[in-house]
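Participant: The opening residue of the sequence shown carries number 630 in our numbering; numbering runs sequentially from there.
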Amino acid sequence: MNKTRAAALAALAVAAPLGLAACGGDDDGAVVLRYAFWDDNQRPAVEAMIAAFNETHPDIEVELEQNPWDDYWPGLDTQFAAEDAPDVFWDHVSRFPTFAANGVLLPLTDQIEESGLDTSIYPAALYDTWTFEGEQYGLPKDWDSIALVYRLDALEAAGVDPAEVQGLTWNPVDGGTYVELLQKLTLDANGDNALSPDFDSENIVQYGTAMGSSTGQTDWWNYGVQNGCALQTEPWGEYAIDAPECVEALQFTADLYNKWNVAVPAEVTNQPNGGPPADYVISGQAATALDGSWTLSAYRDGIDAGDWAVANLPTGPVGSGTVINGLSHAVYAGTEHPDEAWEFVEFLGSEEAQRIAAESGSVWPGVASLNGAFADYWAGEGIDVTGFQEAAEGTAIGYPLSMNDAAFGTAALDEFNQVWLGQKDAQAAAEAVVELANAE
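1) If you pair each beta-carbon of the region 658-672 with each one of the region 680-696, do three or more pairs fall below 8 Å?
2) At the level of alpha carbons, what is the spacing between Ala-681 and Gly-963?
3) Tell me, to the nearest whole angstrom, how far the beta carbon of Val-876 is from that of Ala-839; I am working on the premise that it is less than 8 Å.
4) Can you find the residues in the same chain that come closer than 8 Å, C-beta to C-beta, to Ile-1026, ignoring five residues on each side of it along the sequence?
5) Is DSSP giving Phe-718 helix, strand or coil here?
6) Starting from Asp-773, follow the alpha helix (DSSP H) in both directions and report where the run begins and ends.
7) Name the two residues that bound the continuous alpha helix (DSSP H) containing Phe-881.
8) Would Pro-826 be called buried (16 or more neighbouring beta carbons within 10 Å of its own) or exposed?
9) Do Asp-1034 and Pro-673 count as a contact pair if the criterion is CB distance below 8 Å?
10) Taking 6 Å as the limit between beta carbons, can you name the residues of its chain near Val-1062, skipping five residues before and five after?
11) Do Glu-980 and Leu-956 have their beta-carbon atoms positioned less than 8 Å apart in this structure?
12) Answer yes or no: the CB of Thr-898 versus the heavy atoms of the ligand GDP, is any distance below 7 Å?
13) Residue range of the alpha helix (DSSP H) that Tyr-852 falls in?
14) May I ask you to verify whether the region 881-895 touches the region 1045-1056, counting CB pairs closer than 8 Å and requiring at least 3?
15) DSSP has Val-891 in a bridge; who is on the other side?
16) Could you have a look at Asn-954 and say whether DSSP puts it in helix, strand or coil?
17) Asp-848 and Asp-829 - do their beta-carbons sit closer together than 8 Å?
18) What span of residues does the alpha helix (DSSP H) with Ala-753 cover, start to end?
19) Just the C-alpha distance for Val-939 and Gly-921, rounded to the nearest angstrom, thanks.
20) Going by C-alpha to C-alpha distance, which of Val-660, Asp-936, Asp-933, Tyr-852 sits closest to Leu-919?
21) State the start and end residues of the unbroken alpha helix (DSSP H) segment that holds Gln-1018.
22) Can you tell which of Pro-801, Ala-997, Ile-833 has its C-alpha closest to the C-alpha of Lys-813?
23) Please classify Trp-1007 as buried or exposed, where buried requires at least 16 other C-beta atoms within 10 Å of its C-beta.
24) Would you identify the three-state DSSP class for Asn-899, choosing helix, strand or coil?
25) Could you tell me the distance, in whole angstroms, from the CA atom of Gly-837 to the CA atom of Thr-944?
26) With a 10 Å radius around its C-beta and 16 neighbouring C-beta atoms as the bar for buried, classify Pro-901 as buried or exposed.
27) Can the beta-carbon of Ala-934 be found less than 8 Å from the beta-carbon of Ala-783?
28) Please report how far the alpha carbon of Ser-989 lies from the alpha carbon of Phe-1003, in whole angstroms.
29) Apart from the five residues on each side of it in sequence, which residues of its chain come closer than 6 Å, Cβ to Cβ, to Trp-971?
30) Could you give the residue range of the alpha helix (DSSP H) that holds Glu-988?
31) What's the gap between the Cα of Ala-987 and the Cα of Val-794?
32) By DSSP, does Leu-816 sit in helix, in strand, or in coil?
33) Only counting the same chain, and skipping five residues up and downstream in sequence, which positions put a Cβ closer than 8 Å to that of Phe-761?
34) Between Asp-968, Ser-912, Asp-790, which lies nearest to Val-661 when the distance is taken from Cα to Cα?
35) Between the Cα of Ile-932 and the Cα atoms of Gln-914, Gly-948, Leu-942, Pro-946, which residue gives the shortest distance?
36) Assign Ala-754 to one of two classes, buried (16 or more other C-beta atoms within 10 Å of its C-beta) or exposed (fewer than that).
Structure, rendered in structure tokens:
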């Protein structure tokens, strides 16, 4: 095991206690901060950072509140309504605009200025994401992008050289070399692949790929970016996914399910009930998936070392690229301990804290100079993760910034699930989503 990961895991022994704080302090006078997050894969790094924080702040006790993604956001909404939210919590770009507009986030602009924090350590685009009406509402925690994860054992069994996975291209007409690869990896019960005249599409035992994103972040958004789709007219602007280049990407995604039969069926993977793409790759039901950098630990823990790898995304008609996202650490506007909460957030955004996350392979860090440490960790695990960086350096765009994200997400889930099932036209679905989302 990598030494830095071992160190992070060892921090469990000295981690902060779990549970809700009944009040703002405990019997020995320490200030208690509640800290909310959702990703269990990042828990060792989170606890190691808290342990490091307590070395210089022994008078601040941090209590963790962890809920899975689907429960996290309804839970926060309930806590905001009850004026009993965690002091510090992970924030997501899709929720940030509404939170900021509703006044539940503490502006950090003055604290940043008074502390003399050098914000140039963060990529400007990442830092600026958390600005609303001239105020800064968070420090970058991390960033993420999408790459192609694949099983080496599946490639070997299909007689595919891993070198073929790099430099793949796709197009909406014949699918390109990308679809050809997925066809080679899609096998029926008799061992025939989807290129064979004997292929039985009714008895597939291994699919070329798995998809399943409620918004599109790990599937059609990437094809959209690679086809010139901008998702929005401008940041904070209207959704524009009914544009021809976006609809083409939607149809290409639907074709992976229904025309080429190379994707685990939408009846199985459609959200919110389907599993994440990693589940199907780990189980062997699929040979590849476009997936996020935040899922690397799941692959590491689920597939034997040497049986999986990461490649660049396929290139589309206008080039390579993906949607870049990132999280921030936010402070609840109603916290009883704004000074201590800021001290904790400032530490979490520091090079010292983010080095812990990077060197344990937890996430790509918000501090740009530490990207190499994250890549080095995974190289030590035998995985080259530079595909995520190369995707981010292509024709990448930011995660949509919109006050109407909730409306978009609800409409997209309903409409595009029908497209993936082959029950609705991609153009009609895109128009319906745009009408519903932009009407809010």
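From the three backbone atoms N, C-alpha and C, an ideal C-beta is built for every residue, glycine too.
Facilitator: According to the structure shown:
1) yes
2) Residue 681 sits at position 52 when you count from the first residue of the sequence shown. Residue 963 sits at position 334 when you count from the first residue of the sequence shown. Rounded to whole angstroms, Ala-681 to Gly-963 spans 26 Å at the Cα level.
3) One-based indexing of the sequence shown puts residue 876 at position 247. One-based indexing of the sequence shown puts residue 839 at position 210. Val-876 to Ala-839, Cβ: 23 Å. No contact.
4) By one-based count along the sequence shown, residue 1026 stands at place 397. Closer than 8 Å at Cβ, skipping near neighbours: Val-854, Ala-859, Leu-860, Gly-950, Val-952, Ile-953.
5) Translated into the one-based positions of the sequence shown, residue 718 becomes position 89. In this structure, Phe-718 counts as strand in the three-state DSSP scheme.
6) As a position in the sequence shown, residue 773 is number 144, starting the count at 1. Element bounds for Asp-773: n/a, residue is neither H nor E.
7) Counting from one through the sequence shown, the residue named residue 881 turns up at place 252. From DSSP, the alpha helix (DSSP H) with Phe-881 extends over 873-887.
8) Indexing the sequence shown from 1 puts residue 826 at position 197. Exposed.
9) Position 44 of the sequence shown, counted from the first residue, corresponds to residue 673. Position 405 of the sequence shown, counted from the first residue, corresponds to residue 1034. For Pro-673 and Asp-1034, no; Cβs fall outside 8 Å.
10) As a first step, residue 1062 is located in the sequence shown; it is residue number 433 there, counting from the start. Cβ within range, chain order: Ala-1040, Ala-1041, Glu-1044.
11) Working through the sequence shown from its first residue, we reach residue 956 at position 327. Working through the sequence shown from its first residue, we reach residue 980 at position 351. No.
12) No copy of the ligand GDP appears in this structure; indeed no ligand is present at all.
13) In the sequence shown, the residue the question calls residue 852 occupies position 223. Run containing Tyr-852: 849-854, per the alpha helix (DSSP H) assignment.
14) yes
15) The residue you call residue 891 lines up with position 262 of the sequence shown. Bridge partners of Val-891: none, in fact.
16) As a first step, residue 954 is located in the sequence shown; it is residue number 325 there, counting from the start. Strand at Asn-954.
17) Here residue 829 refers to the residue found at position 200 of the sequence shown. Here residue 848 refers to the residue found at position 219 of the sequence shown. No, these two residues do not count as a Cβ contact at 8 Å.
18) Residue numbering aside, residue 753 sits at position 124 when the sequence shown is read from its first letter. Taken as a continuous stretch (DSSP letters only), the alpha helix (DSSP H) holding Ala-753 covers 753-757.
19) Taking the first residue of the sequence shown as 1, we reach residue 939 at position 310. Taking the first residue of the sequence shown as 1, we reach residue 921 at position 292. Taking the straight line joining both Cα atoms gives about 11 Å.
20) Here residue 919 corresponds to residue number 290 of the sequence shown, with the count starting at 1. Closest by alpha carbon: Tyr-852.
21) Walking along the sequence shown from the start, residue 1018 turns up at place 389. First-last of the alpha helix (DSSP H) with Gln-1018: 1015-1021.
22) Working through the sequence shown from its first residue, we reach residue 813 at position 184. The option with the nearest alpha carbon to Lys-813 is Ile-833.
23) Looking up residue 1007 in the sequence shown gives position 378. By the neighbour-count rule (16 or more Cβ atoms within 10 Å), Trp-1007 is buried.
24) By one-based count along the sequence shown, residue 899 stands at place 270. In the structure shown, Asn-899 sits in coil (DSSP, three-state: anything other than H, G, I, E or B).
25) Position 208 of the sequence shown holds residue 837. Position 315 of the sequence shown holds residue 944. Those two C-alpha atoms are separated by around 17 Å.
26) Locating residue 901 in the sequence shown gives position 272, where the first residue counts as 1. With fewer than 16 Cβ atoms within 10 Å of its Cβ, Pro-901 is classed as exposed.
27) Working through the sequence shown from its first residue, we reach residue 934 at position 305. Working through the sequence shown from its first residue, we reach residue 783 at position 154. No, Cβ-Cβ distance for Ala-934 and Ala-783 is not below 8 Å.
28) Along the sequence shown, one-based indexing puts residue 989 at 360. Along the sequence shown, one-based indexing puts residue 1003 at 374. Going from the Cα of Ser-989 to the Cα of Phe-1003 covers about 7 Å.
29) As a first step, residue 971 is located in the sequence shown; it is residue number 342 there, counting from the start. These residues qualify, in order along the chain: Gln-740.
30) The residue you call residue 988 lines up with position 359 of the sequence shown. Start and end: 980-988.
31) In the sequence shown, the residue the question calls residue 987 occupies position 358. In the sequence shown, the residue the question calls residue 794 occupies position 165. Each residue's alpha carbon lies about 27 Å from the other.
32) Within the sequence shown, numbered from 1, the residue matching residue 816 stands at position 187. Three-state DSSP puts Leu-816 in a strand.
33) Along the sequence shown, read from residue 1 onward, the residue named residue 761 stands at position 132. Here the set comprises Phe-725, Pro-726, Ala-729, Ala-730.
34) Here residue 661 refers to the residue found at position 32 when the sequence shown is read from its first residue. Closest option to Val-661, Cα to Cα, is Asp-968.
35) Counting from one through the sequence shown, the residue named residue 932 turns up at place 303. Ranking Gln-914, Gly-948, Leu-942, Pro-946 by Cα distance to Ile-932 puts Gln-914 first.
36) One-based indexing of the sequence shown puts residue 754 at position 125. It is exposed - the Cβ of Ala-754 has fewer than 16 other Cβ atoms within 10 Å.
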